[in-house]
Amino acid sequence: MADRLAGRTVLVVGAGTRPSPEPDAPLGNGRAISVACAREGATVVCADLDGEAAEATAALVREAGGEAVVVEADVTDEDDVARMVAAAPGLTGVVVNAGIGRGGGLRRTSADDWDATLAVNLRGPFLVARAAVAAMVEAEQPGSLVLIGSLAGLQPGSRLPAYDASKAGLIGLCRHVALEGARRGIRANVVAPGLIDTPLGRAATAGRPSRGETPVPLGRQGDATEVAAAVVFLLSDEASYITGTTLPVDGGLALI
Ligand code: NAD
1 MADRLAGRTV
11 LVVGAGTRPS
21 PEPDAPLGNG
31 RAISVACARE
41 GATVVCADLD
51 GEAAEATAAL
61 VREAGGEAVV
71 VEADVTDEDD
81 VARMVAAAPG
91 LTGVVVNAGI
101 GRGGGLRRTS
111 ADDWDATLAV
121 NLRGPFLVAR
131 AAVAAMVEAE
141 QPGSLVLIGS
151 LAGLQPGSRL
161 PAYDASKAGL
171 IGLCRHVALE
181 GARRGIRANV
191 VAPGLIDTPL
201 GRAATAGRPS
211 RGETPVPLGR
221 QGDATEVAAA
231 VVFLLSDEAS
241 YITGTTLPVD
251 GGLALI
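Throughout the sequence shown, residue numbering follows the UniProt record's numbering, covering 1 to 256 in sequence.
Structural data, given as structure tokens:
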């Protein structure tokens with residue numbers, strides 16, 4: 001175990017991974033991030049709408065030598081978000097990974113698809129950032145927030161207008177949190193994955209096979225551990241002078 005997050009408590013929202021029928025399914029981003037934080041010495045508060053998925057992540061955190069707390073909670077609900085933050089006393093790291101995609105092109109996206117997507121992908125991160133920053137300010141703790149966006153927030157990506165719009169909005173939210181948090185020593189950044197081989201990524205490719213044929217410059221999809229490595233860096237003091245940025249983890253996809 002390394003020690004870049006030794007003594008820290010990190011809240012990961014969306015710490016589970018969507019269930020997969022595949023026996024050797026890859027890790028989702030939230031699970032990989034939780035395990036990577038534990039390997040760096042953090043206590044990890046694993047929050048997810050799917051309590052079983054959060055428990056499975058907590059088991060991997062403990063296997064990695066870390067301490068884990070599980071909170072079954074909905075990121076779109078203010079009271080649930082307050083519970084997540086209360087379960088993480090001494091909080092100095094926050095990762096908002098929960099994310100969904102609904103609808104299709106404009107004609108196949110209902111108003112309900114739009115609202116559901118924006119609720120999880122944008123209202124949720126706002127609620128978490130507001131509660132976490134308040135807790136850190138009150139406890140006079142410095143901190144680092146990492147919001148999991150998508151390359152689809154920077155350029156056309158998912159073919160889902162609600163998803164792309166929510167991930168673009170997340171970058172605006174991040175800039176605000178970074179500016180408001182700066183004078184309190186609180187940093188905020190977005191990590192923007194490209195095509196990542198997670199169960200969600202595989203489901204997206206099954207729904208749109210051309211996704212799997214995208215000519216990624218580095219020649220392959222990414223792994224959730226590669227997203228996690230970027231997140232750990234931004235949470236750690238190695239990134240002490242980095243705030244308000246968006247870091248693509250995309251194998252060069254933004255270049256084409
Ligand atoms: P995933 O579906 O496995 O993980 C998302 C987790 O969020 C799940 O455990 C789910 O239960 C949880 N969640 C969903 N709604 C929630 C809610 N209301 N409250 C609390 N938790 C909730 O997917 P993943 O592939 O690991 O993706 C995670 C993040 O990475 C998402 O934000 C996604 O947009 C982003 N991302 C993924 C890819 C990719 O190719 N996989 C690419 C770009 C961005």
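Think of the CB as a built atom: it goes at the ideal place given N, C-alpha and C, for glycine as much as any other residue.
It should be emphasised that the depicted structure is a prediction, and the values quoted were computed from it without experimental measurement.
- The beta-carbon distance between valine 45 and leucine 127, rounded to whole angstroms, is 16 Å. This is too long to meet the 8 Å contact definition.
- Per DSSP, the continuous alpha helix (DSSP H) segment holding isoleucine 33 begins and ends at 29-39.
- In chain order, Arg102, Gly103, Ala162 place their CB closer than 7 Å to the CB of aspartate 113, counting only its own chain and leaving out the 5 sequence neighbours on each side.
- Taking C-beta atoms as the reference points, valine 190 and isoleucine 148 count as a pair closer than 9 Å.
- Counted as a single uninterrupted DSSP element, the beta strand (DSSP E) harbouring threonine 9 occupies residues 9-13.
- If you draw a straight line from the Cα of isoleucine 171 to the Cα of methionine 136, it comes to about 21 Å.
- Across the structure, alanine 82 and valine 71 are spaced so that their CA atoms are roughly 11 Å apart.
- Taking all protein chains shown into account, aspartate 3 has fewer than 16 neighbouring C-beta atoms within 10 Å of its C-beta and is therefore exposed.
- Under the three-state reduction of DSSP output, alanine 188 falls in the strand class.
- Aspartate 197: not part of any beta strand (DSSP E); DSSP gives it neither H nor E.
- Bridge pairing for glycine 222: Ile196 [DSSP].
- Nearest to aspartate 223 by C-alpha distance, out of Asp250, Leu235, Glu213, is Asp250.
- The three-state reading of DSSP puts glycine 157 in coil, since its state is none of H, G, I, E or B.
- In this structure, the beta-carbon distance from threonine 57 to serine 20 does not fall below 9 Å.
- At least one heavy atom of ligand 1 lies less than 8 Å from the C-beta of serine 150.
- A Cβ-Cβ contact shorter than 9 Å links glutamate 52 with glycine 16.
- Bridge pairing for glutamate 72: Asp48 [DSSP].
- Using a 10 angstroms sphere on the CB of arginine 123, the tally of other CB atoms reaches 16 or more, which defines it as buried.
- Between alanine 188 and leucine 145 a beta carbon distance of about 4 Å is seen, short of the 8 Å cut, so the two are scored as contacting.
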